[in-house]
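Numbering (the numbering used here), first residue to last: 55 to 657. Positions of the beta carbon are idealized from the N, C-alpha and C atoms, including for glycine. What follows is a single structure, written as structure tokens, with notes after it.
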Amino acid sequence: MCGIVGYIGQKNALPILMEGLRREIYRGYDSTGIVIYDNNNDLVCVKAVGKLESLESKLDNYQLEGSLGLGHCRWATTGTVTEANAHPHWDCQKNIFLVHNGIIENYKELREKLIQEGHKFSSETDTEVLSHLIEKYFENSLEEAVRKALREVRGTYGLAVISKKDPQKIVAARLSSPMILGINGNEFLVASDPSAILTYTRQIINLDDNEIAVLKPDDFFILKEKPLTQIEWTLEEAEKGGYPHFMLKEIMEEPEAIENAIKGRIMAQEGLVKLGGLESVSERLRKINNIILVSCGTAHYAAMVGEYMLEEYAGISSKTDVGSEFRYRKPIVNEKTAAIFVSQSGETADTLAALREMKGKGILTLGITNVIGSSQVRESDAGVYTRSGPEIAVASTKAFLGQLSVLAALTVYLGRQRDMSLVMGQRIVSELAKLPKLAKEVLKSALEIEKIAKKYKDFDNFWFIGRKYNYPIALEGALKLKEISYLHAEGIGGGELKHGFLALVDEDFPTIAICPSDSVYNKMISNIEEVKARKGKVIAVATKGNEDIKKIVDDVIYIPKTLEMLTPLLSVIPLHLFAYYMAVLKGHDIDKPRNLAKSVTVE
Ligand code: G6P
């Protein structure tokens with residue numbers, strides 16, 4: 055995700071900003087930029103696409119001396135990866151420069167209005183509307199202009215602004231995007247991530263939502279007095295947001311991953327979904343009657359859930375395959391086929407090979423991708439970003455939630471192009487909007503899941519069973535357990551138990567049964583009884599309020615009720631946590647499991 059750093063004091067700002075950026079880029083980035091208020095009273099801005107080193111080598115051509123400045127590393131969301139889209143952004147007169155994290159949801163309307171009022175834009179970003187709005191409201195106080203501008207904005211922001219017209223000041227603001235102030239005697243820093251300023255000061259103030267801070271060379275103020283906090287974290291801990299592992303941090307970000315994937319895309323009243331990345335191919339998509347979804351690993355299980363959703367609700371014949379198989383098959387395709395490639399990294403070799411094969415045949419290719427500007431994004435005809443933010447742990451977790459959310463949104467998008475009713479569109483979309491909150495509720499069971507992991511830590515083999523929408527979730531639960539706890543785990547469709555698998559069930563081979571109260575619930579109960587009859591222990595993932603299940607199984611983890619097609623977005627969360635705690639109990643390297651890579655870029 056993007057990173058912000060700012061400095062005002064007596065020292066030369068540039069090295070402090072560069073050090074801050076160096077500490078922030080672990081989160082992933084695609085471009086960088088700085089602005090310095092130099093000793094000639096000029097604002098000098100330098101930006102570069104790619105690695106921080108590109109910015110450094112550009113800066114070699116400048117003699118930048120000044121004790122006030124801002125820095126930013128960008129992870130593109132709105133607008134492609136270009137120098138123009140990198141931050142800082144400025145107003146028409148280049149008097150105001152700012153850096154921003156978050157999303158301005160109503161930027162299109164604001165941009166149009168500002169253009170009509172005569173403002174000239176130089177980037178495709180949502181952020182740039184902020185600099186023009188501040189310009190519009192500027193009279194003589196920068197904080198006053200920021201305050202007025204933010205009243206017009208819908209969305210989220212962590213923001214830092216400087217201006218030539220009200221110099222010697224940084225104005226910072228936040229709403230649902232972290233911002234901290236660092237205090238070091240008579241010097242002040244601002245950052246979106248403590249790691250950016252930890253080498254410099256440990257005295258910080260957390261800015262709260264809707265607060266605006268004004269930092270001056272010798273003083274600062276915010277609307278309310280805030281207590282000083284002493285940070286005890288090491289740099290590494292700070293990067294993990296205080297969590298012991300990236301994987302746990304990323305599981306805890308699963309509600310946010312759902313929210314980011316649907317933010318600004320769903321129209322509740324109209325029961326519609328807006329996917330900007332598909333606009334260019336929307337007419338072609340109307341004619342599609344056959345979809346192939348290709349992916350690998352965890353992304354493949356998301357695609358399988360998508361296959362069920364697309365068939366049942368969009369009414370389009372859909373099939374999935376893993377990239378490594380698909381690339382060597384002879385798929386039957388025609389001009390009404392669309393191939394969808396699902397990948398966190400957008401660089402998985404087998405998925406890319408399948409994409410190239412389909413492109414060569416003239417088939418419409420679409421990517422569901424997390425990493426902006428990756429090969430999959432560049433090479434497919436169109437696509438949708440999952441916006442899950444950087445995923446550092448090798449085992450994919452929050453990106454899976456992003457993929458499922460986009461697939462659900464895509465189902466509504468394609469369904470409403472066909473015969474999905476307004477009422478059904480509204481229903482899915484409104485349930486989808488509730489999911490981030492419901493996912494947060496599931497995370498509250500973390501302690502309970504840790505206890506269950508302790509109880510089962512000495513078993514070496516696990517079954518994961520599920521049916522229909524939760525069949526792929528059984529596969530994902532088993533994969534996650536294998537990946538990080540190195541235990542033998544197999545995921546199967548509950549109906550397949552009798553076809554050989556029951557032979558292995560005994561008191562040493564526990565089963566995790568994903569059985570929300572849905573259309574296949576009774577079938578799942580029969581499967582659970584088959585396991586129980588052979589003395590197998592069962593942990594159930596069931597819908598809240600289902601007390602009866604306690605009589606049949608050994609342990610229950612509850613998830614809130616939602617639409618059947620959306621249950622995977624909740625049922626997978628306890629399985630990610632279960633795998634995590636099992637691996638912690640075994641003392642494994644959680645974020646870098648043995649023999650595995652985050653991105654498999656070779657066949
Ligand atoms: C590797 C990773 C998995 C991931 C898979 C597909 O195996 O370890 O976590 O699910 O690749 O990666 P992709 O980037 O294409 O989603």
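heavy atom of the ligand G6P below 7 Å from residue i C-beta
i, result
"S349", "yes"
"S399", "yes"
"V460", "no"
"V200", "no"
"A651", "yes"
"V244", "no"
"V448", "yes"
"V626", "no"
"A532", "no"
"V225", "no"
"T210", "no"
"T352", "yes"
"T402", "yes"
"T255", "no"
"T405", "yes"
"V574", "no"
"V59", "no"
"V654", "yes"
Terminal residues of the beta strand (DSSP E) in which residue i lies
i, result
"Q257", "257–260"
"N581", "Careful: N581 lies outside any beta strand (DSSP E), inside the alpha helix (DSSP H) at 575–586."
"H126", "122–128"
"I436", "Here the sequence assigns Ala to residue 436, which means Ile is not the residue at that position. Looking at the DSSP string, the run of the beta strand (DSSP E) that includes A436 is 436–439."
"G507", "According to the sequence as given, residue 507 is Ala; it is not Gly. Counting along the chain, A507 falls outside any beta strand (DSSP E), though it belongs to the alpha helix (DSSP H) covering 500–510."
"T655", "No beta strand (DSSP E) contains T655, which DSSP labels as neither H nor E."
"Y86", "For the sequence presented, residue 86 should be read as Thr rather than Tyr. Run containing T86: 85–91, per the beta strand (DSSP E) assignment."
"K65", "First-last for K65: undefined, no H or E at that position."
"D609", "609–613"
"F518", "515–520"
"F151", "150–155"
"K101", "97–103"
Closest residue to residue i among the options (Cα-Cα distance)
i, options, result
"F274", "V559, D96, E197, T402", "E197"
"H354", "H630, S378, I169", "S378"
"E313", "S459, H173, A214", "S459"
"P444", "A203, E304, V215", "E304"
"D247", "S372, E241, L261, N240", "L261"
"L551", "I579, N344, L533", "I579"
"G427", "Y83, I62, K390, E78", "Y83"
"E307", "P490, E657, D562", "P490"
"V348", "L364, G590, D404", "D404"
"K640", "R338, K508, G437, D375", "K508"
"I606", "I582, L623, K413", "I582"
"S334", "S484, K373, A436, G520", "A436"
"G120", "N160, T419, G172, A67", "A67"
"P570", "N649, D375, I611", "I611"
Residue i, DSSP secondary structure in three states
i, result
"R228", "strand"
"V376", "strand"
"S571", "coil"
"A557", "helix"
"M363", "helix"
"A311", "helix"
"E601", "coil"
"I606", "coil"
"N344", "strand"
"V396", "strand"
"I386", "coil"
"E550", "helix"
"H299", "coil"
"E279", "With a pLDDT of 47 at E279, under the threshold of 50, the predicted position of this residue should be treated as unreliable, though the coordinate-derived value follows. Note: E279 maps to coil in three-state DSSP."
"N524", "helix"
"A453", "helix"
Cutoff 8 Å: residue i Cβ touching any chain D Cβ
i, result
"P570", "The structure shown contains no chain D, having only a single protein chain."
Continuous alpha helix (DSSP H) stretch holding residue i: start and end
i, result
"V483", "476–497"
"A403", "403–414"
Residue i: CB within 7 Å of a non-hydrogen atom of the ligand MG
i, result
"L650", "Ligands displayed in this structure: the ligand G6P; the ligand MG is not among them."
**Prompt:** Three or more beta-carbon pairs under 8 Å between the stretch 316–327 and the stretch 497–512, yes or no?
**Reply:** No contact exists between the stretch 316–327 and the stretch 497–512.
**Prompt:** How about the stretch 624–644 and the stretch 539–549: do they share at least three Cβ pairs that are nearer than 8 Å?
**Reply:** These segments touch.
**Message:** Pairs of beta-carbons, one from the stretch 172–180 and one from the stretch 138–145, closer than 8 Å: are there three or more?
**Reply:** In the pairwise beta carbon analysis, the stretch 172–180 is classified as touching the stretch 138–145: at least three pairs are separated by under 8 Å.
**Prompt:** Is the stretch 569–589 close to the stretch 606–621, with three or more CB pairs under 8 Å?
**Reply:** Using a Cβ-Cβ distance cut-off of 8 Å, the stretch 569–589 and the stretch 606–621 are in contact, since at least three pairs of beta carbons, one from each stretch, lie closer than that value.
**Message:** Pairs of beta-carbons, one from the stretch 144–164 and one from the stretch 206–216, closer than 8 Å: are there three or more?
**Reply:** Short answer: they touch.
**Request:** Decide if the stretch 105–125 is in contact with the stretch 74–93; the criterion is three or more beta carbon pairs, one per stretch, under 8 Å apart.
**Result:** The stretch 105–125 vs the stretch 74–93: in contact.
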